[in-house]
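Heads up: the sequence shown at position 658 corresponds to 657 in numbering that gives the first Met the number 0, and the numbers run straight through without jumps.
Heads up, the beta-carbon is just placed ideally off N, CA and C, and yes, glycines get one too.
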Amino acid sequence: MEKLGLNEIREKYLSFFQSKGHLRLESFPLVPQHDPSLLLIPAGMAPLKPYFMGELTPPAPRVTTCQKCIRTNDIENVGHTARHLTFFEMLGNFSFGDYFKPEATKWAWEFVTEVLKMPKDRLYVSIFEEDDEAGRIWTRDVGVDPGHVFKMGREDNFWEIGTGTGPCGPCSEIYFDRGEQYSCGPDCHPGCDCDRFVEFWNLVFTQFNNDGNGNYTELAHKNIDTGMGLERIACIMQQVDSLFEIDTMAAITNGVSELCGIKVGASQKTDVSLRIITDHIRSTVMLICDGVIPSNEGRGYVLRRLIRRAARHGRLLGIQGEFLTDLSDKVFALSGKAYPQILEKRDYIKQVIRMEEQRFAKTIDSGIARLSELMNTLESEGKTVLSGEDAFRLYDTYGFPVDLTIEILEERGLTLDRAVFDEQMEAQRTRARTAREKQGGLGWATSGEDFGMDIKCEFVGYEQDSCEAKLEAISCEGEMVGEILAPAKAVLILDKTPFYAESGGQVADTGLICGRDAKFTVENVQKLPDGKILHSGVLTEGTLSVSDTVTAQIDTARRAALRRAHSSVHLLQAALREVLGSHVEQAGSLVEPDRARFDFSHFAAMKPEELARVEAIVNEKILEGIPGRTDEMPIDEAKKLGAMALFGEKYGDIVRVVRFGDYSAELCGGTHLDNTAKVGLFKITAESSVAAGVRRIEALTGPAVLALLSEKQDLIRSVAQTLKTTEHDLALRAGAVMDENRALSREIASMQDAKNADTARGFLASAQEIGGVKLVTKIVENAGSDILRGIGDSLRDFDASVAAVLACVNDGKVAFVACAGKDAVAKGAHAGNLLKTAAKICGGGGGGRPDSASAGGRDASKLGEAMAAMPDALKAMLK
Ligand code: ATP
Ligand code: MG
Numbered sequence: 000m001e002k003l004g005l006n007e008i009r010e011k012y013l014s015f016f017q018s019k020g021h022l023r024l025e026s027f028p029l030v031p032q033h034d035p036s037l038l039l040i041p042a043g044m045a046p047l048k049p050y051f052m053g054e055l056t057p058p059a060p061r062v063t064t065c066q067k068c069i070r071t072n073d074i075e076n077v078g079h080t081a082r083h084l085t086f087f088e089m090l091g092n093f094s095f096g097d098y099f100k101p102e103a104t105k106w107a108w109e110f111v112t113e114v115l116k117m118p119k120d121r122l123y124v125s126i127f128e129e130d131d132e133a134g135r136i137w138t139r140d141v142g143v144d145p146g147h148v149f150k151m152g153r154e155d156n157f158w159e160i161g162t163g164t165g166p167c168g169p170c171s172e173i174y175f176d177r178g179e180q181y182s183c184g185p186d187c188h189p190g191c192d193c194d195r196f197v198e199f200w201n202l203v204f205t206q207f208n209n210d211g212n213g214n215y216t217e218l219a220h221k222n223i224d225t226g227m228g229l230e231r232i233a234c235i236m237q238q239v240d241s242l243f244e245i246d247t248m249a250a251i252t253n254g255v256s257e258l259c260g261i262k263v264g265a266s267q268k269t270d271v272s273l274r275i276i277t278d279h280i281r282s283t284v285m286l287i288c289d290g291v292i293p294s295n296e297g298r299g300y301v302l303r304r305l306i307r308r309a310a311r312h313g314r315l316l317g318i319q320g321e322f323l324t325d326l327s328d329k330v331f332a333l334s335g336k337a338y339p340q341i342l343e344k345r346d347y348i349k350q351v352i353r354m355e356e357q358r359f360a361k362t363i364d365s366g367i368a369r370l371s372e373l374m375n376t377l378e379s380e381g382k383t384v385l386s387g388e389d390a391f392r393l394y395d396t397y398g399f400p401v402d403l404t405i406e407i408l409e410e411r412g413l414t415l416d417r418a419v420f421d422e423q424m425e426a427q428r429t430r431a432r433t434a435r436e437k438q439g440g441l442g443w444a445t446s447g448e449d450f451g452m453d454i455k456c457e458f459v460g461y462e463q464d465s466c467e468a469k470l471e472a473i474s475c476e477g478e479m480v481g482e483i484l485a486p487a488k489a490v491l492i493l494d495k496t497p498f499y500a501e502s503g504g505q506v507a508d509t510g511l512i513c514g515r516d517a518k519f520t521v522e523n524v525q526k527l528p529d530g531k532i533l534h535s536g537v538l539t540e541g542t543l544s545v546s547d548t549v550t551a552q553i554d555t556a557r558r559a560a561l562r563r564a565h566s567s568v569h570l571l572q573a574a575l576r577e578v579l580g581s582h583v584e585q586a587g588s589l590v591e592p593d594r595a596r597f598d599f600s601h602f603a604a605m606k607p608e609e610l611a612r613v614e615a616i617v618n619e620k621i622l623e624g625i626p627g628r629t630d631e632m633p634i635d636e637a638k639k640l641g642a643m644a645l646f647g648e649k650y651g652d653i654v655r656v657v658r659f660g661d662y663s664a665e666l667c668g669g670t671h672l673d674n675t676a677k678v679g680l681f682k683i684t685a686e687s688s689v690a691a692g693v694r695r696i697e698a699l700t701g702p703a704v705l706a707l708l709s710e711k712q713d714l715i716r717s718v719a720q721t722l723k724t725t726e727h728d729l730a731l732r733a734g735a736v737m738d739e740n741r742a743l744s745r746e747i748a749s750m751q752d753a754k755n756a757d758t759a760r761g762f763l764a765s766a767q768e769i770g771g772v773k774l775v776t777k778i779v780e781n782a783g784s785d786i787l788r789g790i791g792d793s794l795r796d797f798d799a800s801v802a803a804v805l806a807c808v809n810d811g812k813v814a815f816v817a818c819a820g821k822d823a824v825a826k827g828a829h830a831g832n833l834l835k836t837a838a839k840i841c842g843g844g845g846g847g848r849p850d851s852a853s854a855g856g857r858d859a860s861k862l863g864e865a866m867a868a869m870p871d872a873l874k875a876m877l878k
């Protein structure tokens, strides 16, 4: 066998399957793109699931990939077995309803024996014990020695999705025999857990569908999904003892070994630490590259745990200070060619590692010391279980992920009271949640005083759309931090800001806060009672640190739309008082870009002409182009001006008054236009009631009115098109269509009448004469009760001595209509009573007057019997 490098093997595999008609796809990111049920990608098939499930059409019927994988549940194995890593690459070839078992096995064998040139006598395959087809193909068609084919049970060789429903099937694994020196004994065989037979390739034949109750049916489109661990095959090809000795791994391990001065092989314990660091730094680089950042939950927690675990094993090896950032350079050097993205994001990735290692470094030594103390105490007291409270304190104060605490405990044969720990975690989450809710939802950790922060925050947004400012504080995930890097959600406080915080019904500004290389998108702004203005949003690029000089820039177009809406609300209030009276007071308002809602006190719904007048007045004031001005003044002076204030609102001694000429004056902190003309247009779109005595007006301004106009115009145009007329003639045409419709309905009705009369005439001809009454009993096809009634009416019109029972069946239900003419009634016939009998037979009920009745029945199969009973029923009632 040739000693092939990892990168060479990857290339050989992908080009081999390309030569067999497969489309070569790039590795998908480690973070699942469309699968919220999955934390991280654990296998080559995972990102292709939508193609296998038939939810998406694959780009080709055959594809081949080298997929980056993370298996967190192998984390405990890493360093202890020769074959497990948390990050590894999986080679795979896939068929979506295209080729199946014969091709998959033949090509696998061809690749292994002809491309990799593995000796056949060292290869073994396993098959599912019930899959005779696979056994035949391997031995007869591919030519594997039957002595090298092993049958295995469902547990090992049948693949099913965790839930047990959906596509599934048998699999077949290929093993390499590393030689007797690795054997655990004479009973060793492929599938044994020791290091002699390594499984390196798994071929899954997805041929069944499990309905969830263990019923397996053959799939119409059978799939192939294979997975071969790239590091494992490299380990075999390079004839080394473990994954940590292959070319791309050994260089990292050696790097760590140099750092700590401990040679590989010095002791079992130090080897484990060397391997853990080697493995974790690779996974760390790959995870950060794909967008994961350290946190206390989900993927972020996986990453945090990997970094902190590696940092701790560095301590165990005696490495002082931070080392992971520098060590990551080895990963860039070894994997950068296959994964250029990591090189592109190199600085960013290193910065994330540095920050996380620094955070942990601050407390790790005192944390480890504290934990050792705790463990000593436990042991001296003869106890073996660490309390949940202690573990929580280690987490809270020293940043020890609980899994790390458990691991350290296990190294000394101790355990943790996990239930109490989880309770404490939950209690902390609840505390954080309520604290957040109290802070108006922006997640500001606690109020500033608790941090001893006395920040003055000046609002300059009345005059300026942008300003330079100093970044005073950053809160991220409920914690005050000195620095954040993209991507991160955070809340910022500046010493100065043009951003208007949501208040007085006007929604907050949005915009950007930019640093040297940083871009922070402001999504919401709120003001704390102590005056601090909180900018919450997302850092999408670069880094921000406290004390940075930044530029704060609001979205000016959006702000202009807010000004239009807010100023128009002031004009609206004045116009309402003019038209409806001085009892109109503001009861609430919402000001959004070019859209406003104004609630006010008024006892009745507004009449259309009142609404029209109010709208016209506001637009007049707009066209007059009245200058707007804002002044701060003592409250008494404002009252003298007649400025309107909010009922029940507390104002300070100095207030802000917004005026438009003599027409409107209000106490208001919002942002306004300097001239009413800039509103452009004002249009009321709705008037409604909110509560007793409170009305609501909704309105649009500026471009939003234009948008509304063109929307209406489009509607008119399309209605005109449908009615095949011009806009000009639309009303006329609509009237004509309605008239035409009415005429047609009448015509249909009279045609139906004529038809009913015909039918009635026919029925009468075959009537049965009973005691001078002509009895008609008929089941009418394709009819409803209304038609039966029409036929009945005609029958009575034609002959006063008729008694009729008519029925029809719809959706298995019977409907009856009966009638009796004047003479028949006089002779004793009773339509209602006839139906009582008939409906009863059909399992229903009903009845009515002597001359007219209707009823229903559930059992249509008894209809014949019911009709046959009518002559006797009639006879019995005749005088
Ligand atoms: P094992 O029993 O050895 O853990 P597995 O049954 O979990 O393996 P599969 O789920 O069949 O493995 O994955 C397909 C291939 O991926 C394996 O044949 C192996 O080559 C590789 N592989 C699986 N887990 C790891 C790992 N933790 N590190 C490196 N390679 C792995
Ligand atoms: Mg496994």
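Cross-strand partners of residue i (DSSP beta bridge)
| i | result |
| --- | --- |
| P169 | F157 |
| C466 | A551 |
| Y123 | Y174 |
| Y215 | N209 |
| L774 | Q767, A802 |
| M89 | Q66, G228 |
| V197 | F175 |
| M632 | V654 |
Classification of residue i by the beta-carbon crowding that lies within 10 angstroms, buried from 16 upward
| i | result |
| --- | --- |
| G440 | Interpretation of G440 is limited by its pLDDT of 43, a score under 50 that renders its predicted location unreliable; no figure is taken from the coordinates. |
| C183 | exposed |
| F602 | exposed |
| N832 | buried |
| I245 | buried |
| S581 | exposed |
| Q505 | buried |
| G178 | exposed |
| S365 | exposed |
| P486 | exposed |
| T376 | exposed |
Inter-residue spacing [alpha-carbon to alpha-carbon] between residue i and residue j
| i | j | result |
| --- | --- | --- |
| R82 | V30 | 24 Å |
| D449 | F359 | Below a pLDDT of 50, predicted positions are generally treated as unreliable, and D449, at 38, falls in that range; no measurement from the model is reported. |
| L258 | I126 | 46 Å |
| I352 | V255 | 16 Å |
| C191 | V419 | 39 Å |
| D464 | P497 | 6 Å |
| T684 | E697 | 6 Å |
| A444 | S535 | Confidence is the limiting factor: at A444 the pLDDT is only 42, short of 50, which leaves the residue's position unreliable, though a coordinate-based value still follows. Near 13 Å, if we compare the C-alpha coordinates of S535 and A444. |
| G381 | D186 | 42 Å |
| V772 | D728 | 60 Å |
| T675 | Y338 | 59 Å |
| G447 | L5 | For G447, the predicted structure reports a pLDDT of 37, less than 50, and the residue's modelled location is therefore unreliable. A value from the coordinates is still provided. In a straight line, the C-alpha of G447 is about 54 Å away from that of L5. |
| N72 | L39 | 11 Å |
| Q438 | A615 | Note that Q438 scores a pLDDT of 48, beneath 50, so its modelled location is shaky; the value from the coordinates is reported in the next line. The straight-line gap from Cα to Cα measures roughly 43 Å. |
| W108 | A368 | 55 Å |
| R612 | V578 | 7 Å |
Rounded Cβ spacing between residue i and residue j (contact assumed at less than 8 Å)
| i | j | result |
| --- | --- | --- |
| L672 | G701 | About 10 Å; that fails the 8 Å criterion. |
| G847 | S853 | 6 Å |
| Q787 | V808 | According to the sequence as given, residue 787 is Leu; it is not Gln. Actually they do not touch by this definition, with Cβ atoms about 11 Å apart. |
| Q17 | T80 | Not a contact, Cβ separation roughly 33 Å. |
| V141 | K105 | 6 Å |
Legend entry - Entirely enclosed beta strand (DSSP E) segments - the region 503 to 547, minimum 3 residues: 510 to 513, 518 to 526, 532 to 540, 542 to 544
Inset, instruction - Scan the region 802 to 858 and note each continuous beta strand (DSSP E) run of 3 residues or more that stays entirely inside, going in chain order. - result: 812 to 819, 844 to 847, 851 to 856
Legend entry - Within the region 686 to 720, ranges of the alpha helix (DSSP H) (whole runs, at least 4 residues): none
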